[in-house]
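>
Protein chains: 2
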Amino acid sequence: MRTITLVLVFCFTTFLPKAQTGTVSAVRSFVQQHRDTILSEFETFLSIPSIAKDTANLLRTADYLLHVMRGRGIDHVQLLEADTKNVPPVIYGDIKTPGATQTLIFYAHYDGQPVNPAQWAKGLDPFQPTLFSNALYKNGTPIDQKQLKIIQDEWRLYARGASDDKAGVMAIINAYAALVQSGQQPTCNIKFFFEGEEERGSPHLGEIIEKYKPLLQSDGWIICDGPVHQSGNKQLVFGVRGDAHLDLTVYGPKRPLHSGHYGNWIPNPALLLAQLLASMKDENGRITVKGFYDDAIPLSTAEKKALAEAPDVEKQLKEELGIHKTDMPGLSLGEAISLPSLNINGMASGNVGPLASNQIPTNATAVLDLRLVPGNDWRKQQQKVIDHIKAQGYYVIDHEPTDEERLQHDRIIKIIVDDDGYNAQRTPMDWPLAQRIIKAVKKTTTTPVVLQPSSGGSLPLYLIEELLNAKPVTVPIANYDNNQHAENENIRLGNFFEGIVTLASIMQM
Amino acid sequence: MRTITLVLVFCFTTFLPKAQTGTVSAVRSFVQQHRDTILSEFETFLSIPSIAKDTANLLRTADYLLHVMRGRGIDHVQLLEADTKNVPPVIYGDIKTPGATQTLIFYAHYDGQPVNPAQWAKGLDPFQPTLFSNALYKNGTPIDQKQLKIIQDEWRLYARGASDDKAGVMAIINAYAALVQSGQQPTCNIKFFFEGEEERGSPHLGEIIEKYKPLLQSDGWIICDGPVHQSGNKQLVFGVRGDAHLDLTVYGPKRPLHSGHYGNWIPNPALLLAQLLASMKDENGRITVKGFYDDAIPLSTAEKKALAEAPDVEKQLKEELGIHKTDMPGLSLGEAISLPSLNINGMASGNVGPLASNQIPTNATAVLDLRLVPGNDWRKQQQKVIDHIKAQGYYVIDHEPTDEERLQHDRIIKIIVDDDGYNAQRTPMDWPLAQRIIKAVKKTTTTPVVLQPSSGGSLPLYLIEELLNAKPVTVPIANYDNNQHAENENIRLGNFFEGIVTLASIMQM
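Line by line, the protein sequences are chains A and B. When the letters of the first sequence are read in order and numbered with our numbering, they come out as residues 42 to 550. When the letters of the second sequence are read in order and numbered with our numbering, they come out as residues 42 to 550.
1. For the alpha helix (DSSP H) that contains LEU500 of chain A, what are its first and last residues?
2. Touch check for the stretch 217–224 of chain B and the stretch 198–206 of chain B: three-plus C-beta pairs under 8 Å?
3. Name the two residues that bound the continuous alpha helix (DSSP H) containing HIS302 of chain A.
4. Cα separation between SER223 of chain A and ALA212 of chain A?
5. Please check the pair GLY181 of chain B and LYS512 of chain B, which I expect to be a contact at CB under 8 Å, by giving their CB distance rounded to whole angstroms.
6. How is ARG306 of chain B classed by DSSP in three states: helix, strand or coil?
7. Using a cut-off of 7 Å between C-beta atoms, extract the partners of GLU360 of chain B located in chain A.
8. Count the other CB atoms within 10 Å of the CB of ASP444 of chain B; is the residue buried (16 or more) or exposed (fewer)?
9. When you compare the CB of ALA432 of chain A with every CB in chain B, is at least one pair closer than 8 Å?
10. Could you confirm whether any beta carbon from chain B is found closer than 8 Å to the beta carbon of ASN14 of chain A?
11. So, helix, strand or coil for ILE444 of chain B, using DSSP?
12. Can you look up ASP116 of chain A in the DSSP assignment and give me helix, strand or coil?
13. Using the rule of at least 16 other Cβ atoms within 10 Å of the residue's Cβ for burial, across every protein chain shown, is GLY434 of chain B buried or exposed?
14. Use the C-beta contact count for GLY535 of chain A: other C-beta atoms within 10 angstroms, 16 or more gives buried, fewer gives exposed.
15. Is ALA552 of chain A close to chain B, meaning its C-beta is less than 8 Å from at least one C-beta of that chain?
16. Which residues, taken in chain order from the stretch 198–226 of chain B, show a beta carbon closer than 9 Å to some beta carbon of chain A?
17. For SER602 of chain B, which of helix, strand or coil comes out of DSSP?
18. Applying the 10 Å Cβ sphere with the 16-neighbour rule, what's the burial state of LEU448 of chain B?
19. Note down the Cα distance separating TYR503 of chain A from HIS365 of chain A, rounded to an integer number of angstroms.
20. The alpha helix (DSSP H) spanning ALA216 of chain B covers which residue range?
21. Please list, in chain order, the chain A residues whose beta carbon lies closer than 7 Å to that of TRP472 of chain B.
22. Please go through the same chain and pick out, in chain order, the residues whose beta-carbon is closer than 6 Å to the beta-carbon of GLU528 of chain B, but skip the five residues on each side of it.
23. Check whether the Cβ atoms of SER496 of chain A and VAL281 of chain A lie closer than 8 Å to each other.
24. Taking its Cβ as the centre, do 16 or more other Cβ atoms sit within 10 Å of ARG111 of chain B, making it buried, or is it exposed?
25. ASN157 of chain A versus chain B: which residues are under 9 Å apart at the beta carbon?
26. Quick check on MET110 of chain B: does DSSP put it in helix, strand or coil?
27. So does the stretch 164–179 of chain B actually touch the stretch 252–268 of chain B, counting three or more Cβ pairs closer than 8 Å?
28. Please report the distance separating the alpha-carbon of PRO370 of chain B from that of VAL393 of chain B.
29. So is PRO183 of chain B buried or exposed if we call it buried at 16+ other beta carbons inside 10 Å?
30. May I ask you to report which of helix, strand or coil DSSP gives LYS70 of chain A?
31. By Cβ distance, which residues of its chain are closer than 6 Å to THR290 of chain A, with the 5 residues on each side in sequence left out?
32. Taking only beta-carbon atoms, is TRP161 of chain B less than 8 Å away from chain A?
33. Which residues, in order along the stretch 403–424 of chain B, keep a beta-carbon less than 8 Å from a beta-carbon of chain A?
34. Please state whether the Cβ-Cβ distance between ALA465 of chain B and VAL414 of chain B is less than 8 Å.
35. Is the distance from the Cβ of LEU558 of chain B to the Cβ of GLN276 of chain B below 8 Å?
36. DSSP three-state call for MET493 of chain B: helix, strand or coil?
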């Protein structure tokens, strides 16, 4: 008993700000008391392998969400389906609050990034959620059945989607449920909007919004996605970067060749790709593609001020990530992600490790991720990179090279231009609804709430402005060290449970 | 019957030079008549997955060879085992020829390069030998049971080791068997020497040779490995390049990061590796590592003359391989492989294709293959590359970086220095035994025999000179378009069968 009491005290002192309203306190107590059932439902949700493009499993996930939402008494629960075939649906539901004059739409997405299970830590299955006492990199150990009696803040739940963004879906649903079950009501009308194509660039989100426009009228959107500030403080984010991709393949010999018999004479595509990628950035990580930074609108004075006020976490981050010198010297992280970026998501040629063999590979490939800021047009940004590649002497095609093309050109590259790109979006911090959201979140914590002009990450939030004439504010809840998009994705349970409290407070703003 | 007769005529006209000795003719007839049984045994041999370092399967392969050699009446068939544990043995056997004054050792190796089955053509299993009517890239189709009655020259057998170098092992054994079974005898004493560690750099070959020195006395070695000339002509090769490797890993953040939240600020290891690799060669493929070409001894006048006399296959090769411009402009293939080389065998970071995700990977890795020519020392050559890497600002380590190292250095690279490297070897073309071997091979063909000063490939033949004071000459038999070391390795059956004839002629020189 002694141990349990101590642990409970520890949990509460971590969470409870010294002063708080009764409402926040009641919701937090409810969540505290129902951690086991909330967690158990979350684990079931995570065990459905709903990665982007896997429509069959995304539909299973959608069915599960319909069931969960109806169980919570949410009205008009339904699938919003695109007219295009085989598109994972949006899951919609709403709550009409008597007397309320404003409507908020709460957004999260239920699809996750692709997984390469071989890259996950030994024993981890991306679709068998597994609890550890802490992050693996902080030497967390597996949680056994006996420990489950007291579910702790520092525990991590490992699974694809654990933080990005099934946590968001579950936190929104539970925020509403916790309000109601602790004897309270929202003060606004609520609409639930859970997307299934975010991780592939939301190619049909516009189509679905257009189709269901009357249903999707609101005063503002709350986007629950992404991590809180690296300081651990809660954070509100007023914009997102745009995103676009390029898939590059350069060619060597038509068949793989013995590196002894032909090395030095037949060009090696891995070297060609290395030279091409190297030409895109200087040694300080500054992009050398002509005009790459040209269209970016500089930060406003208010945005610069907000960035300056955020806790300085750079030393902490560099230590945690094992980095001595960052790119873009002289720029803070916040300033760096306020610029358009170019990142190599992956590159491959031939084999490495135990499979390596003495060969000249037939091709070499890389995937580039371009992030955009206000002022950038995503197609123009892609074109700048393509023009740069052409300027390096490449003949650009969109198919495997024909024999004729091979014999006519020194350097051939296939570029697959991602059609699912989109532009950045930014909501002004002085928008009145934004000010009320800030206030609602501040109510839940005694530490400063960090206000970010923009996330480094991307969501197609421009659609909300363009098609619905509404504005979004992002309320992230995940820990920043969540490995989202990569192997060993995880959520810190304290973040998940406290996220429910944050969202419930917004529902009562 | 008509078809069969035509095919037989075709086979014979392809093979039979207009003038030949009775011996060559008798051996060729024997091989022609026994293609089916020779092929069937070869297929059984190929179906044992004997890739480098897989000691258990290499021992199974050795057992099979013991069985085959004893069945052919070869004497003293035995395993030559290193004192070091877990080393695949050499398989030895010999034939004492009454009255013979000279002894030749016939060398081949029974281990193959590693395989990545996923890279092989659909339906091909590297260890289920499969016949096609021609090379896959020449639109070959699978051979069915009915067609097996007439085994054709243009057929290809696909399997790991099909050409490199189980074909060599089988051709040597069958050359002796064909001589005897066509009623003839060798004119020299023969020793059989089949190695099991060639594809990992023969790290214990020296140890085995030292241990069995008395057994391994000879006048010369015949090395059956590698491809014939690209013109299809038979070829003798008087040297090999040396070989050494470097395994490079550069580091990014300790855990994979979301490319949106951190891209532009946390250095991307794929970009760092690209920049490093790009720094090693200029745009013409000339190596820019300081002093890389310095120690190489230039070709002699006789060697230059031999190169100039070889059929010009560059246009044909460039067309077949789909290459517009070769590296090292102004140099022929023969001249290019007479220089030391640096090849990227493979490189990898993050994921590409359907598994690509928006992340900054934690590391990027590449495997470099260095080939050496006479004058080069393999450790010095490795060191030149390491010094080049240091000159690019890298802190070089041989382990995963510690947290302390990460925080002290901008650029960290782990270099695994392969210990199994070795130097080049070259036998003078005017060595009397070499002249007799040339004569014996010329007897088997009416087209010119190509004399190459050196193969581009590598074998640790320096050991034969250093430890046994003997000299080797290489007699390759495989087709040049055999994909050795890569996916879809194959042998053209005409090459395999005619290789038996070539080797039998040398046994009777």
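Note that the Cβ used here is the ideal one computed from N, Cα and C, for glycine as well. None of these values were measured; they are calculated from a predicted model.
A quick look at the data gives this:
1. For the purposes of this step, residue 500 of chain A is identified with residue 459 of the first sequence, where counting begins at 1. Segment: none, LEU500 of chain A is in no alpha helix (DSSP H) and carries neither H nor E.
2. Not touching, per the Cβ criterion.
3. Position 261 of the first sequence, counted from the start, is the residue given in the question as residue 302 of chain A. That run of the alpha helix (DSSP H) goes 300–303.
4. Translated into the one-based positions of the first sequence, residue 223 of chain A becomes position 182. Translated into the one-based positions of the first sequence, residue 212 of chain A becomes position 171. Approximately 16 Å between the Cα atoms of the pair.
5. One-based indexing of the second sequence puts residue 181 of chain B at position 140. One-based indexing of the second sequence puts residue 512 of chain B at position 471. About 39 Å separates the CB atoms of GLY181 of chain B and LYS512 of chain B; that is not less than 8 Å, and the two are not in contact.
6. For the purposes of this step, residue 306 of chain B is taken as the residue at position 265 of the second sequence. The sequence shown places Trp at residue 306 of chain B, rather than the Arg named in the question. Coil at TRP306 of chain B, not helix or strand.
7. Here residue 360 of chain B is taken as the residue at index 319 of the second sequence, counted from 1. The contacting residues are LEU448.
8. What you label residue 444 of chain B is simply residue 403 of the second sequence in a count that begins at 1. With a threshold of 16 other beta carbon atoms within 10 Å, ASP444 of chain B falls short and is exposed.
9. Position 391 of the first sequence, counting from 1, holds the residue named residue 432 of chain A. No, no contact with chain B.
10. Coverage of chain A is limited to positions 42 through 550, which leaves residue 14 of chain A absent and any answer about it impossible.
11. On the second sequence, position 403 is the one that residue 444 of chain B refers to. In the sequence as displayed, the identity of residue 444 of chain B is Asp instead of Ile. Residue state, collapsed to three classes: helix.
12. Here residue 116 of chain A corresponds to residue number 75 of the first sequence, with the count starting at 1. If DSSP states are grouped into helix, strand and coil, ASP116 of chain A belongs with the strands.
13. Walking along the second sequence from the start, residue 434 of chain B turns up at place 393. Taking every protein chain shown into account, the CB of GLY434 of chain B has fewer than 16 other CB atoms within 10 angstroms, so this residue is exposed.
14. Working through the first sequence from its first residue, we reach residue 535 of chain A at position 494. Burial call: buried.
15. Because chain A here runs from 42 to 550, residue 552 of chain A falls outside it and cannot be looked at.
16. The stretch 198–226 of chain B vs chain A, Cβ under 9 Å: ASP205.
17. The question about residue 602 of chain B has no answer here: the residues shown for chain B are numbered 42 through 550.
18. Taking the second sequence and counting its residues from 1, the one referred to as residue 448 of chain B is at position 407. The residue in question, LEU448 of chain B, is exposed, as its Cβ has fewer than 16 Cβ neighbours within 10 Å.
19. The sequence position of residue 503 of chain A within the first sequence is 462, counting from 1. The sequence position of residue 365 of chain A within the first sequence is 324, counting from 1. Whole-angstrom Cα-Cα distance: 36 Å.
20. What you label residue 216 of chain B is simply residue 175 of the second sequence in a count that begins at 1. Residues 207–222.
21. One-based indexing of the second sequence puts residue 472 of chain B at position 431. Going along chain A, no residue has its Cβ under 7 Å from TRP472 of chain B, so there is no contact; the nearest lies around 23 Å.
22. Reading the second sequence from its first residue, position 487 is the one you call residue 528 of chain B. The answer, listed in chain order, is GLN160 and TRP161.
23. If you number the first sequence from 1, residue 496 of chain A lands on position 455. If you number the first sequence from 1, residue 281 of chain A lands on position 240. The criterion of a C-beta distance shorter than 8 Å is satisfied by SER496 of chain A and VAL281 of chain A.
24. Stepping through the second sequence from its first residue, residue 111 of chain B is reached at position 70. Counting Cβ neighbours within 10 Å, ARG111 of chain B comes out exposed, since fewer than 16 surround it.
25. For the purposes of this step, residue 157 of chain A is taken as the residue at position 116 of the first sequence. Neighbours of ASN157 of chain A across chain B, judged by C-beta separation under 9 Å: ASN392, LEU396 and SER398.
26. Translated into positions along the second sequence, residue 110 of chain B becomes position 69. Secondary structure of MET110 of chain B (DSSP, three-state): helix.
27. The count of Cβ pairs closer than 8 Å, one atom from the stretch 164–179 of chain B and one from the stretch 252–268 of chain B, stays below three, leaving the stretches out of contact.
28. For the purposes of this step, residue 370 of chain B is identified with residue 329 of the second sequence, where counting begins at 1. For the purposes of this step, residue 393 of chain B is identified with residue 352 of the second sequence, where counting begins at 1. Their Cα atoms are separated by approximately 32 Å.
29. Here residue 183 of chain B corresponds to residue number 142 of the second sequence, with the count starting at 1. PRO183 of chain B comes out exposed.
30. The residue you call residue 70 of chain A lines up with position 29 of the first sequence. Correcting the residue identity first, residue 70 of chain A is Ser in this sequence and not Lys. The answer is helix: DSSP assigns SER70 of chain A an H, G or I state.
31. What you label residue 290 of chain A is simply residue 249 of the first sequence in a count that begins at 1. Cβ within range, chain order: ASN404, THR406 and LYS455.
32. Indexing the second sequence from 1 puts residue 161 of chain B at position 120. Chain A, which has no Cβ nearer than 8 Å to the Cβ of TRP161 of chain B, makes this no.
33. Taking a C-beta cut-off of 8 Å against chain A, the contacting residues of the stretch 403–424 of chain B are ALA405, THR406, ALA407, VAL408, ASP410 and ARG412, listed in chain order.
34. The sequence position of residue 465 of chain B within the second sequence is 424, counting from 1. The sequence position of residue 414 of chain B within the second sequence is 373, counting from 1. For ALA465 of chain B and VAL414 of chain B, yes; Cβs fall inside 8 Å.
35. Chain B is shown only over 42 to 550; residue 558 of chain B falls outside these bounds and no answer can be derived.
36. Residue numbering aside, residue 493 of chain B sits at position 452 when the second sequence is read from its first letter. One detail in the question is off: residue 493 of chain B reads as Gln in this sequence, not Met. GLN493 of chain B falls in the strand class under three-state DSSP.
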